[in-house]
Structure formats: C-alpha cells, structure tokens
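First to last, the protein sequences are chains B and Y.
The numbering of the first sequence is the working numbering, which starts it at 15 and goes up by one.
The numbering of the second sequence is the working numbering, which starts it at 198 and goes up by one.
Right, one structure below, let's go through it.
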Amino acid sequence: EIVMTQTPRSLPVSPGEPASVSCTSSQSLRDSDGGHIYVDWYLQRPGESPQVLIYSLSHRASGVPDRFSGGGSVTEFTLKISRVAAEDVGLYYCMQRLEYPYTFGQGTKLE
Amino acid sequence: QVTLRETGPALVKTTQTLTVTCTFSGFSLSSAGMCVSWLRQSPGKAPEWLALIDWDGDKYYSPSLETRLTISKDPSKNQVLLTVTNVDPMDTATYYCARSSTEYKSVSGYQNYFDPWGQGILVTVSP
C-alpha cells in the first residue's frame, strides 16, 4: 500500500501568520490516464468529522476560503494557509486515492 | 443537502460481530457514479479507510481487514451496512461513513474524494 508521511506533526502558529504542512507519498500519485495527481487534504476540527479542503492536489472544495491552497509534485505535496484564522485550529490530514487501499498521513496538529 | 448518519452499538464484546449502519439523504446510491465508504479512526490516530461500495454493487476492501469485513447496501432504505466479525479491543474506534463519486472532470480528474462525512459513531470493544 502507498505510505503517506506528513511533517511537521505539530504546528504552532499565531493568527494572521502563514502556515505550511508537507506530505510525501511512497510512490507517484499521478494517474496514467489524465495525468491528475490524486492527493487530498482534510481538516478535522476538535470534536468534528473530517472535511475536505483540497482535492486532486490543488482544487479547493466548495466553500473553502481562498487562504487555503494546495500544490506540489507527484510525490511531494504542500498545504498552505496564507493567514491562519482561529477556526483553522485542528488536525490536517493528507490522503491518497490513486489506488486502494486509500491511505492517510499521520496528521498535523495546527494550534 | 447531502447528509450521512451512522448508527450502531456503542459497546461490543471481544469475538462478537459488529454491524454499523449508514443512513444517508440527498443522493441516491442507485445513481451512476455514487459510492459510499466506511472509515474508522482509533483514538489519537489518523483515519483508516475500510471499505467502499458503489452504485453498481462493486465492493472494495482494505486488504489488512478484508477477511473480517462485509459491506452491503439497501438502496430502498438509503442505507449502507458494514459488518466486522471477530472484533477485539483494537477495533475500538469512531466509525464514519462518507460519500464519494466516480464522476470525471477534465480539470480535476475523478471526484472520488470523501465529501461529506457522517458525524461518526464511537464503538468500544470490551475484552
């Protein structure tokens, strides 16, 4: 199975400051058909279910503020928050869905 | 509005069979491209994908748990069920169901990310 590795595990940030989370995959997440890269980012706020922020490397999900952005290559991915807001506190997970079983990174706690 | 809700027992005993039910609204699992997955999250851990069933009845399982998992659907009731046999304390987790789609868009590819997730149900396995 594809292993996803996130860094850092903890990310202390002050409101208004930028933040960045990294994720690497054990193999390329680019599909052979359309060339899309199947990595997504989820946020799990305290006491809530995960919600999708970014899908297919760089596409913001509906309703996600534009301070969130995703990018990277076929094996190295980054989630960036341009200016952290109070409601951004929580656990961030990357996930690959190129092949089964879908797998998640260990998570990054933004606090 | 798409919603999903998990129901089931809060407590099961080791070696028993666990069945959790996902009841959804706002979409039909009979519609082409629709899928529902089960995931779980042990305390302090990342989510773990368990199984997926699609509109056509095709099923996919996590290889590490495949022998113990069964996913099924009842489209008439808008429900997807997950059965886990021979549970032990390592199966203690919050179990989530989530919707995905196999729709393809040229800009972003397959739309099979999880959106939305249900609220989850905490299941504890006692020794």
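A virtual CB, placed ideally from N, CA and C, is assigned to each residue, including glycine.
As the structure is a computational prediction, the values presented were derived from the model and not from experiment.
When you compare only the Cα positions, how much space is there between B/S96 and B/I51?
When rounded, the distance between both Cα atoms is 22 Å.
Taking its Cβ as the centre, do 16 or more other Cβ atoms sit within 10 Å of Y/N309, making it buried, or is it exposed?
Classification for Y/N309: buried.
Answer yes or no: does any C-beta atom of chain B fall closer than 8 Å to that of Y/D255?
False, the Cβ-Cβ gap to chain B never drops below 8 Å.
Short check: CB of Y/N275 to CB of Y/S222, under 8 Å?
Yes, the Cβ-Cβ distance between Y/N275 and Y/S222 is below 8 Å.
Can you tell me which of Y/V217, Y/T212, Y/L247 puts its alpha carbon nearest to the alpha carbon of B/T117?
Among Y/V217, Y/T212, Y/L247, the Cα nearest to that of B/T117 belongs to Y/L247.
My guess is that Y/S298 and Y/C232 are in contact by the Cβ rule of under 8 Å, so how many angstroms apart are they, rounded?
Contact flag correct, Cβ pair sits at about 7 Å.
If you count every other CB in all the chains shown that lies within 10 Å of the CB of Y/D271, and 16 or more means buried, which is it?
Classification for Y/D271: exposed.
Is it true that the CB of B/T92 sits closer than 8 Å to the CB of B/G84?
Going by C-beta atoms, B/G84 is nearer than 8 Å to B/T92.
Between Y/C284 and Y/V209, how many whole angstroms is the CB-CB distance? I'm expecting something under 8 Å.
Looking at the sequence itself, residue 284 of chain Y is Val, so the reference to Cys does not match. Y/V284 to Y/V209, Cβ: 6 Å. Contact.
Could you tell me the alpha carbon to alpha carbon distance between Y/G205 and Y/T267, rounded to whole angstroms?
Straight-line Cα distance between these residues: approximately 15 Å.
Measuring only the C-alpha atoms, how far is B/A100 from B/P29?
Near 6 Å, if we compare the C-alpha coordinates of B/P29 and B/A100.
Chain B partners of Y/D288, CB-CB under 9 Å?
Within 9 Å Cβ-Cβ: nothing; Y/D288 doesn't reach chain B, min ~17 Å.
Which residues does DSSP list as the beta-bridge partners of Y/K256?
Y/I250, per the DSSP bridge assignment.
Measuring straight from C-alpha to C-alpha, what distance separates B/S24 and Y/S303?
Taking the straight line joining both Cα atoms gives about 36 Å.
Using CA atoms only, rank isn't needed, just tell me which of B/P22, B/E62, B/I16, B/Q41 is closest to B/K94.
Checked all of B/P22, B/E62, B/I16, B/Q41; the closest Cα to B/K94 is B/P22.
Using a Cβ cut-off of 8 Å (strictly closer), state whether B/S46 contacts chain Y.
So no, B/S46 is outside the interface.
Closest Cβ-Cβ distance between B/F118 and chain Y: below 8 Å?
So, interface residue.
Within 10 angstroms of its Cβ, does B/V66 collect 16 or more other Cβ (buried), or is it exposed?
The residue is buried, with at least 16 neighbouring Cβ atoms inside 10 Å.
Measure the C-alpha to C-alpha separation of B/E125 and B/W55 and round it to an integer number of angstroms.
Taking the straight line joining both Cα atoms gives about 17 Å.
Going by alpha carbons, who is nearest to Y/V199 out of Y/P324, Y/D255, Y/G315?
When only C-alpha atoms are compared, the closest one is Y/G315.
In the DSSP assignment, find the unbroken beta strand (DSSP E) run with Y/I318 in it and report its ends.
Unbroken beta strand (DSSP E) run through Y/I318: 318 to 323.
Name the DSSP beta bridge partners of Y/K270, please?
Y/K270 is bridged to Y/V277.
Tell me which same chain residues have a C-beta within less than 6 Å of the C-beta of B/P26, skipping the five on either side of it?
The answer, listed in chain order, is E125.
Consider the Cβ of B/G121: report whether some Cβ of chain Y lies at a distance smaller than 8 Å.
Yes, B/G121 lies at the interface with chain Y (some Cβ there is under 8 Å from its Cβ).
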